[in-house]
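S.K.:
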Amino acid sequence: MALAATAEPTLRVRPQPGPQERFLACRADIALIGGAVFGGKSWALTAQPISHLTVPGFSCVTFRRTTPDIRNPGSLWDQSMALYPDVGGEPKEHTLEWDFPSGARVKFAGLQHESDVLSWKSSQIALLQFDQVEEFTESQFWYMQSRNRSTCGIRPYTRGSCNALADTWLATFLQWWWDVDTGYAIPERSGIARWFLRVQDEVQWSAVTCRCDAPARVFALADLAAKAELEQRYPGLGRFARSFAFIRASLADNRIGTAADPEYEARVRTLSLVEQERLLGGNWKIRAAAGLVFDRAWFDIVDAAPALARRVRYWDKAGTAGGGDWTVGTRMSEAYGIYYVEDVERGQWAAGDRERIIRDLARADPAGTEVGVEQEPGSGGKDSALLTIGNLAGYAVMADRPTGQLLERVQPLASQAQVRNVKLVRAPWNEAWLREHHAFPTRGVPDDQVASSSGAFKLLTIGAPRDTHFSRVQARA
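Quick note on my numbering: the sequence shown kicks off at 6 and runs consecutively.
1) Quick check: the segment 300–309 against the segment 420–434, are there 3 or more CB pairs under 8 Å?
2) With distances taken from CA atoms, which of Q380, A190 and R160 is nearest L133?
3) If I measure Cβ to Cβ from D472 and keep anything under 7 Å in the same chain, skipping five residues before and after, which residues do I get?
4) Decide if R241 is buried, meaning its Cβ has at least 16 other Cβ atoms within 10 Å, or exposed.
5) Give me the Cα-Cα distance between L439 and N288, rounded to the nearest whole angstrom.
6) Mind checking whether G321 and A456 have CB atoms under 8 Å apart?
7) Taking one C-beta from the segment 36–46 and one from the segment 250–257 each time, how about it: are there three or more such pairs within less than 8 Å?
8) If you draw a straight line from the C-alpha of E280 to the C-alpha of G45, how long is it?
9) Which residues mark the beginning and the end of the alpha helix (DSSP H) in which L37 is found?
10) Does S56 pass the burial test, meaning 16 or more other C-beta atoms within 10 Å, or should it be called exposed?
11) Between C167, D300, A398 and E381, which has its C-alpha nearest F445's C-alpha?
12) Do the segment 217–234 and the segment 191–205 meet, that is, are 3 or more Cβ pairs less than 8 Å apart?
13) On a CA-only basis, which of A293, W147 and E95 is nearest D206? Give me that one, please.
14) According to DSSP, which residues form a beta bridge with W200?
15) How would you label F135, buried or exposed, when you count the other beta carbons within 10 angstroms and need 16 or more for buried?
16) Taking 7 Å as the cut-off, is the beta-carbon of E360 closer than that to any non-hydrogen atom of the ligand FAD?
17) Buried or exposed: where does K463 fall if 16 or more other Cβ atoms within 10 Å of its Cβ makes it buried?
18) Identify the continuous beta strand (DSSP E) that holds W210 and give its terminal residues.
19) Candidates A419, L58, E360 and R76: which alpha carbon is nearest E95's?
20) Round the Cβ separation of V349 and V333 to the nearest angstrom and send it over; I've been treating them as touching at under 8 Å.
21) Hey, which unbroken runs of the alpha helix (DSSP H) at 4 residues or more fall wholly within the segment 306–381?
22) To the nearest angstrom, how far is the alpha carbon of F475 from that of F105?
23) Between A367, V450 and A250, which lies nearest to G399 when the distance is taken from Cα to Cα?
24) Which of the three DSSP states is assigned to P24 in this structure?
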């Protein structure tokens, strides 16, 4: 008896209905998907080249701003490992590349520095992709368009993902797709393509629009009409117009992701109001402003903190006496998930007086209070931290080397404050502390108390020193 030949199983890679489906069907030269977190953006980018992987010579490069972002758990490389082996891909993890039987290649790469674009100046990239476009500079994005070329037979095009971020070149470029009054994407404009020219570094848009996933003939007619209109306004340039579409995607559109991780939205809602609006609401207008990072109404004032609690005193030291900055020492404690700002000492002291005050307060603070001191970059910052450590013989001192902007570093404290988990112990310093935190980040308003508070909170919450940027030093005489 002859055995019937068994057909190879057919692999179907299908997008979710909605934004992913429209993104993969989009005919625009450049298209972005996103605006909010967990909308299935990374999967969409990873799946985008699959339909071209049987084309000899096809190439796709997907950029993140830094290479470590590609390897992070659940990021682009992990997404590719879930898809590409089933379509014949062979990974080269050391170079973040995939080779396919046809000779097609897919690569992931970082583009951290402005000058990194020059290393791609001889490249031909049929499908050019950017993950988190808002993290790239405008010049990086447009320079790489000159590398979006190919002779493999696939018409070169660009795709990208993004999250909303106010006051960026991308927010300006996308302004037609979001409401200038609310900052939210305009639903009926999602997936609508427009045509543009860059004339003397200014973007000029055609009035012609078309659904980005319209039938090929309909889209082609819109393309001709838009180029003709721009040609009338800019003679000799109309034929160079390119089409662009923005497709709004949010957590609600990612049914597969939310089913696999139903608690994700709850975790995002622990962030500050500004970050929730950006990441969940996709708000392109909201920015950190007075009362949005910290609202003074979030802080209850109590008569005392619990006696049994873990305590720290964190010092943010000013460089010179009598200057614009203040030296601030914040004592904070934690008990049962509630954080208490117990004491704030603040002044513009000469170095000798400052070190004496730091030592006196270490002696006066409750037994077991840990001490943290900010170590600023450079040899001067290290010397200043070592001076304080040497001055505190017999105390456990931690030198903290903060990374990132202060606005980023305060988010964990702001999130707890928003849910009323941070309280102040009643004292004369309360009003100045509340006023400064409420105003942050207002230009010209001091932020030394904010820096000291966030440092104290970090010391209390981050865990053992080996897991942090803290180096514990037991000071000795």
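Even for Gly, the Cβ is constructed at its ideal location relative to N, Cα and C.
M.R.: Quick answer:
1) yes
2) Locating residue 133 in the sequence shown gives position 128, counting from the first residue. Closest option to L133, Cα to Cα, is R160.
3) By one-based count along the sequence shown, residue 472 stands at place 467. Below a pLDDT of 50, predicted positions are generally treated as unreliable, and D472, at 33, falls in that range; no measurement from the model is reported.
4) The residue given as residue 241 occupies position 236 in the sequence shown. A quick correction: the sequence has Gly, not Arg, at residue 241. The residue is exposed, with fewer than 16 neighbouring Cβ atoms inside 10 Å.
5) Here residue 439 corresponds to residue number 434 of the sequence shown, with the count starting at 1. Here residue 288 corresponds to residue number 283 of the sequence shown, with the count starting at 1. Rounded to the nearest angstrom, the two C-alpha atoms are 27 Å apart.
6) As a first step, residue 321 must be located in the sequence shown, where it is residue number 316. As a first step, residue 456 must be located in the sequence shown, where it is residue number 451. In the sequence on display, residue 321 carries Asp and not Gly. Yes. Within cutoff.
7) yes
8) For the purposes of this step, residue 280 is taken as the residue at position 275 of the sequence shown. For the purposes of this step, residue 45 is taken as the residue at position 40 of the sequence shown. Between E280 and G45, the C-alpha separation is close to 19 Å.
9) Here the question's residue 37 lines up with position 32 in the sequence shown. Unbroken run through L37 is the beta strand (DSSP E), I35 to G40; no alpha helix (DSSP H).
10) The count along the sequence shown starts at 1 and reaches residue 56 at position 51. By the 10 Å Cβ count, S56 comes out exposed.
11) Here residue 445 refers to the residue found at position 440 of the sequence shown. Of the listed residues, the one whose Cα sits closest to F445 is D300.
12) yes
13) Translated into the one-based positions of the sequence shown, residue 206 becomes position 201. Among A293, W147 and E95, the Cα nearest to that of D206 belongs to W147.
14) Working through the sequence shown from its first residue, we reach residue 200 at position 195. S248.
15) The residue given as residue 135 occupies position 130 in the sequence shown. F135 should be labelled buried.
16) With respect to the ligand FAD, the structure shown offers nothing to examine, as it has no ligands at all.
17) Against the sequence shown, residue 463 aligns to sequence position 458. Counting Cβ neighbours within 10 Å, K463 comes out buried, since at least 16 surround it.
18) Here residue 210 refers to the residue found at position 205 when the sequence shown is read from its first residue. Unbroken beta strand (DSSP E) run through W210: E207 to R216.
19) Along the sequence shown, one-based indexing puts residue 95 at 90. Nearest C-alpha to E95: L58.
20) For the purposes of this step, residue 349 is taken as the residue at position 344 of the sequence shown. For the purposes of this step, residue 333 is taken as the residue at position 328 of the sequence shown. Indeed they touch by this definition, with Cβ atoms about 7 Å apart.
21) 356–369
22) On the sequence shown, residue 475 is found 470 positions in, with the first residue counted as 1. On the sequence shown, residue 105 is found 100 positions in, with the first residue counted as 1. A caution first: F475 carries a pLDDT of 38, below 50, which makes its placement in the model unreliable, though a value can still be read off. If I take the Cα positions, the gap works out to 46 Å.
23) Against the sequence shown, residue 399 aligns to sequence position 394. Ranking the options by Cα distance to G399, first place goes to A367.
24) In the sequence shown, the residue the question calls residue 24 occupies position 19. In this structure, P24 counts as helix in the three-state DSSP scheme.
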